[in-house]
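One structure below.
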Amino acid sequence: MKLATSTGDFDRFCNNYMDRIKYVRSAGFKYIDLSLYTVMENDSLILSDDWQQTVEEIKEYAKASDIQFIQCHSPNTNPLDKKQFEKAVQWNIRAIEICGALGIPNMVVHSGWDPNATKEEWFKRNKAFFERLFEAAEKNNVNVLHENTTSANMPWYYPKTGSDMVEFSNYVNHPMFHSCWDTGHANIEGNQYEDILALGDDLYAIHFNDNRGAKDEHIIPYMGTLNIDEIMCALKEIDYKGVFTFESGSTLRPNKYWLGNRREFSRDTRLSEPTLEMQLELEKFMYLVGKHILSSYDAFED
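Sequential numbering from 0 applies to the sequence shown in numbering that gives the first Met the number 0.
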């Protein structure tokens, strides 16, 4: 398998896509997941009329630096919120166009959520959203992938098991619509091996991250309670053809964080945030961990 990580690892350290890409490459990763998840003010790809120029700059750097973009995470939106629906459609179509321009084959899109929706309503309304993306997906040759979650994040209905994922893929019933499995979400739910087997050939991507079993921490494997062997055995058993993609960008936790802020001390804050230099060293360590995992199962692809 190709070993990749997300440019989102550097979202809070850099204000532009090119710097994030360069830092990921400097850590050893040449297969890269382009994160469009955090849309910042004056975003040069999602919000810019000149987004093609930024894409061309990225393509030139990628060619010169032996980089292959293998996956993408779409912008963070909630299409089941009526006020966000059209924005979600337009932002995701733009993201698909960016993937097409960079030759990215798979884009992970979070389904919408609504605490009041039944399973049947959830299926129907999310299908209506994804159907708005398929013309662009076909034109740009980009698979659209939905993702599992955990009750720790969403106690209401949202696919949390492999069978849930396949059921929704079959319901949408489009040849370019498939699944992405998040190992951290599954670790909280307590399900990995059987669920990955249930996904089978509908599994097109993984988000590989760890946690301590209670919260969605997105930390590097071996720093939590994730059983890595059961995942690798399941991936080998289904003959997984996709990429091994880290999504562990919160290992160095920011001062203000959605899972809980750091304790405050008003007198001095000079140590409140981790540094870019720390993140760079951590990124190199993450590459070492990923290579060890894949090499141990004779699956590492340089």
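We put the beta carbon where it would ideally sit given N, CA and C, even for glycine.
Values in this document were obtained by computation on a predicted structure and should not be read as measured data.
Taking 8 Å as the threshold (C-beta atoms), are residue j and residue i in contact?
{"i": "Ser73", "j": "Val108", "result": "yes"}
{"i": "Val88", "j": "Arg19", "result": "no"}
{"i": "Ile187", "j": "Gly212", "result": "yes"}
{"i": "Gln191", "j": "Asn140", "result": "no"}
{"i": "Leu144", "j": "Asn208", "result": "no"}
{"i": "Asp32", "j": "Ile69", "result": "yes"}
{"i": "Leu79", "j": "Arg124", "result": "yes"}
{"i": "Ile97", "j": "Leu46", "result": "no"}
{"i": "Gly183", "j": "Ser5", "result": "no"}
{"i": "Phe243", "j": "Ala94", "result": "no"}
{"i": "Asn77", "j": "Tyr36", "result": "no"}
{"i": "Phe133", "j": "Met175", "result": "yes"}
Determine which residues share a DSSP beta bridge with residue i and list them.
{"i": "Cys98", "result": "Paired residues: none, contrary to the question."}
{"i": "Met106", "result": "Cys71 and Val143"}
{"i": "Trp180", "result": "Ile205"}
{"i": "Leu33", "result": "Cys71"}
Might you give, ordered along the chain, the residues of its own chain that have their beta carbon closer than 6 Å to the beta carbon of residue i, omitting 5 neighbours on each side?
{"i": "Trp155", "result": "Pro114"}
{"i": "Ala26", "result": "Glu282, Lys283 and Tyr286"}
{"i": "Thr53", "result": "Ser43 and Leu44"}
Please name the residue, chosen from the options, that lies closest to residue i on a Cα-to-Cα basis.
{"i": "Phe373", "options": "His177, Leu287 and Asn169", "result": "Because the chain is modelled from 0 through 301, residue 373 falls outside the range shown and cannot be assessed."}
{"i": "Cys179", "options": "Asp201, Asn169, Gly189 and His173", "result": "Asp201"}
{"i": "Phe128", "options": "Gly102, Thr148, Lys86 and Ala100", "result": "Lys86"}
{"i": "Phe284", "options": "Thr250, Asn91, Glu272 and Ser265", "result": "Thr250"}
{"i": "Glu341", "options": "Met175, Ile205, Thr160 and Thr224", "result": "No information on residue 341 is available, as it lies outside the stretch 0 to 301 that the chain covers here."}
{"i": "Leu258", "options": "Tyr203, Lys138 and Glu216", "result": "Glu216"}
{"i": "Glu119", "options": "Glu137, Val171 and Phe84", "result": "Val171"}
{"i": "Trp90", "options": "Ser110, Gln51, Val38 and Ile57", "result": "Val38"}
{"i": "Met153", "options": "Asn169, Gly111, Lys126 and Glu134", "result": "Gly111"}
{"i": "Glu229", "options": "Ala61, Tyr296 and Pro174", "result": "Tyr296"}
{"i": "Ala100", "options": "Phe84, Ile57, Thr117 and Phe122", "result": "Ile57"}
{"i": "Trp50", "options": "Cys71, Tyr30 and Tyr16", "result": "Tyr16"}
Leaving aside the five residues before and after residue i along the sequence, list all residues of the same chain whose C-beta is less than 7 Å from its C-beta, in chain order.
{"i": "Phe12", "result": "Leu275 and Gln278"}
{"i": "Thr149", "result": "Lys159, His184, Ile187, Glu188 and Asp215"}
{"i": "Tyr239", "result": "Leu202"}
For residue i, I'd like the list of residues in its chain whose CB is within less than 8 Å of its CB, leaving aside the five on either flank, ordered along the chain.
{"i": "Asn142", "result": "Pro104, Asn105, Met106, Ala136, Met175, Phe176, His177 and Tyr203"}
Any chance the segment 269 to 280 sits against the segment 52 to 69, with 3 or more Cβ pairs inside 8 Å?
no
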